[in-house]
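Position one of the sequence shown corresponds to residue 1 (UniProt numbering), numbered consecutively onward. Where a beta carbon is used, it is the ideal one built from N, C-alpha and C, also for glycine. Source: prediction; values computed, not measured. Scroll down for the structure; my scribbles are underneath it.
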Amino acid sequence: MAPYLWRRLPGDDVNAVSDAETQHLERNVKPSYWYRLAIWKQEVEKIRNLEKLKQIELRKLEKLKQQRKYEEELLRIKDETEAEAKEKERIALEIEAKEKSEAEEKARAKEIEARKLKLKQIEVEKQKAREEKIRSEMEYEREKELERKKEKERLLEVEKQLQREEEIKLRGDDEERERKQRETKLLAEIEEQQRVEELKQREREESKQRELEEERERKRREDLERLKDLEQELRRKHELQIKRESEERERIENERLQKEVEAKLERERREKEFEEQLIQEEIRRRKEIEAREKLLEQQRALDKALEEERTRKMKEMEEKLEEERKRKQREAEEQMEIERKLKEKEIQDRIEQERLRKEREAEEKIEQEKLRKQKEMQEKLEEERRQKEK
Numbered sequence: 001m002a003p004y005l006w007r008r009l010p011g012d013d014v015n016a017v018s019d020a021e022t023q024h025l026e027r028n029v030k031p032s033y034w035y036r037l038a039i040w041k042q043e044v045e046k047i048r049n050l051e052k053l054k055q056i057e058l059r060k061l062e063k064l065k066q067q068r069k070y071e072e073e074l075l076r077i078k079d080e081t082e083a084e085a086k087e088k089e090r091i092a093l094e095i096e097a098k099e100k101s102e103a104e105e106k107a108r109a110k111e112i113e114a115r116k117l118k119l120k121q122i123e124v125e126k127q128k129a130r131e132e133k134i135r136s137e138m139e140y141e142r143e144k145e146l147e148r149k150k151e152k153e154r155l156l157e158v159e160k161q162l163q164r165e166e167e168i169k170l171r172g173d174d175e176e177r178e179r180k181q182r183e184t185k186l187l188a189e190i191e192e193q194q195r196v197e198e199l200k201q202r203e204r205e206e207s208k209q210r211e212l213e214e215e216r217e218r219k220r221r222e223d224l225e226r227l228k229d230l231e232q233e234l235r236r237k238h239e240l241q242i243k244r245e246s247e248e249r250e251r252i253e254n255e256r257l258q259k260e261v262e263a264k265l266e267r268e269r270r271e272k273e274f275e276e277q278l279i280q281e282e283i284r285r286r287k288e289i290e291a292r293e294k295l296l297e298q299q300r301a302l303d304k305a306l307e308e309e310r311t312r313k314m315k316e317m318e319e320k321l322e323e324e325r326k327r328k329q330r331e332a333e334e335q336m337e338i339e340r341k342l343k344e345k346e347i348q349d350r351i352e353q354e355r356l357r358k359e360r361e362a363e364e365k366i367e368q369e370k371l372r373k374q375k376e377m378q379e380k381l382e383e384e385r386r387q388k389e390k
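The following block contains the structure:
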C-alpha cells in the first residue's frame, strides 16, 4: 500500500481514517475500499458541518435581529430620556429665569424703596437744615434785639442818671425843663419806634414760620405725589410681568405639544424604517442562503475534482520530495566537508598566529634584556666617572 493514501490533508478530520489504517495494518485488505470509505466519511462530515454552519448562521441572524430590536428599544428609551431631561432642564431654566426676574424685580423695588427713603431722608435733612437756619436766624435776631434792648436800657439808665444829676443842678432852669421835655418826648418816640420794630420783627418771624409750614406742606404733597407715581409704576410693571409670565407659559405649553407631536412622528418614522430594514435583511439573508447552497454544490463538485487531482499530484510530490531529500543530503555532505576544511584552516591559522606571537614575545624579551644591559653599562660608566672626579 502506498503511504501517500493515508496522509492527512489540511481540513481533514484527524480521526476519519484511523480505524481503516488500523484494520489495514492488521489485515491485508485492498486500500481502495478504505480510501473510498474515508472519502465518504469526509463528505458526510462536510455536509454535517455545513448544516451546523447553516444553523449557526440562522441563530446568529436571530440574535442579530433580537439585538437590533433591543438596540432600537434602547435608542427609543434613550431619546425619550434625553427629551425628558431636556424638558426638565428647560423648565428648570425657565423657573430659574423667572425666579431671577422676580429677584431682580424685588431688588429693583427694594432699590426704589431705598431711593425713596434716601430722598425722604435728604428732604428731611434739607427741611431740618432750613428750619435750623431759620431758627438760628431767629435766635440771632432775638439776641440782637436783646442786645439792643439792653443797650437802650443802659442808655436810658445813663440818661436818667444824667437827668437826675442835671435836675439836681439845674432844678429851677426853664430851658433845662424844656430840654428834659424834649428828651422825654424823644425817649417816647424811641420807645414807640422800638415797639414798631418789635411788631415788625414778630410779623417777620410769623411770616417765616408760615413759610416753613407752607414749605413742609408742599414737600409733603410732593412726596405723596411721588409715592403715588411709584405705586402706579410698580403696579404697571407687576401687571406687565404677569402678562409676560402667562404668555411665556402659553409659549412653553405650545412648544411642549409641538415637541411631543414631532417625537411621535419621529418614532413612527423610525419604526417604519426598522420594519423595512428587517424586510430587506430577511430578503438578503434568504438570497445569501440560496447563494451559499449553490456554492456548496459547486464546492462539492470542485472538491471531488480536486481530490483526484490532489491524489495524482501527491504521488508526483512524493517522488520530487525524495529527489529533493537526496539532493539536500548531498548538499549537506558537501557543506559539512567545506566546514571541516574551514575549521582545519582556522586551526592552522590559530597555530600560526600563536607561533608568531611567541616569536614576538621572545624578540621583545631579547630587546628588553639588551636595553637593561645598556642601562647597567651606562650606570657603571657614570659611577666610574664620578669616582674619577672625586
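Compare the beta carbon distance of residue i and residue j with 8 Å and say whether it is the shorter of the two.
i	j	result
LEU224	ILE112	no
GLU123	LYS243	no
GLU143	GLN201	no
ALA83	ALA263	yes
GLN232	GLU105	no
LEU50	LEU278	no
ILE39	GLU309	no
PHE274	GLU72	yes
How big is the Cα-Cα spacing for residue i and residue j?
i	j	result
ARG251	GLU290	58 Å
GLU389	LEU371	27 Å
GLN127	LEU187	42 Å
LYS315	GLU323	13 Å
ILE351	GLU376	37 Å
GLN329	MET336	10 Å
GLU281	LYS88	39 Å
LYS149	LEU212	28 Å
GLU288	LEU321	43 Å
LYS294	ASP79	44 Å
GLU239	GLU245	10 Å
MET317	LEU64	47 Å
ARG312	ARG36	15 Å
GLU153	SER207	28 Å
GLU45	GLU334	49 Å
GLU340	ARG355	The sequence shown places Arg at residue 340, rather than the Glu named in the question. Computed Cα separation, rounded: 23 Å.
GLU359	LYS326	49 Å
ILE283	GLU276	11 Å
GLU157	GLU151	10 Å
LEU58	THR81	34 Å
ARG357	GLU363	10 Å
LEU342	GLU361	28 Å
GLU102	LYS110	12 Å
HIS24	LYS41	Unreliable positioning characterises HIS24 in this predicted model, as indicated by a pLDDT of 48, which lies under 50. The coordinate reading is nonetheless provided below. Straight-line Cα distance between these residues: approximately 17 Å.
ILE347	ILE338	14 Å
State the CB to CB distance for the pair residue i and residue j, rounded to an integer number of angstroms; the pair is presumed to be in contact (CB under 8 Å).
i	j	result
ARG285	LEU61	6 Å
VAL159	GLU178	In the sequence under discussion, the amino acid at residue 159 is Glu, which differs from the Val named in the question. 16 Å between Cβ atoms; not a contact.
ARG76	ARG267	7 Å
GLU203	MET138	Going by Cβ atoms, the distance from GLU203 to MET138 rounds to 13 Å, so no, they are not a contact pair.
For residue i, which option in the options has the closest C-alpha, if you only look at C-alpha atoms?
i	options	result
LEU234	VAL158, ALA107, LEU155	ALA107
GLN163	LYS180, LYS150, LYS152, LEU155	LYS180
LYS120	ARG221, LEU37, GLU104	ARG221
ARG226	LEU117, ARG355, ARG386	LEU117
LEU93	GLU248, GLU147, ARG269	GLU248
GLN209	GLU384, SER136, ILE47	SER136
LEU74	GLN161, ARG270, LEU146, GLN348	ARG270
Please indicate yes or no: does the CB of residue i lie closer than 7 Å to some heavy atom of the ligand MG?
i	result
GLU215	The ligand MG is absent from the structure shown, which contains no ligands of any kind.
query = Taking one C-beta from the segment 186-193 and one from the segment 96-103 each time, how about it: are there three or more such pairs within less than 8 Å?
reply = no
message = Does the contact criterion of 3 or more C-beta pairs under 8 Å hold for the segment 255-264 versus the segment 64-73?
response = no
request  = Could you say if the segment 126-141 and the segment 206-218 meet the contact criterion of at least three C-beta pairs nearer than 8 Å?
outcome  = yes
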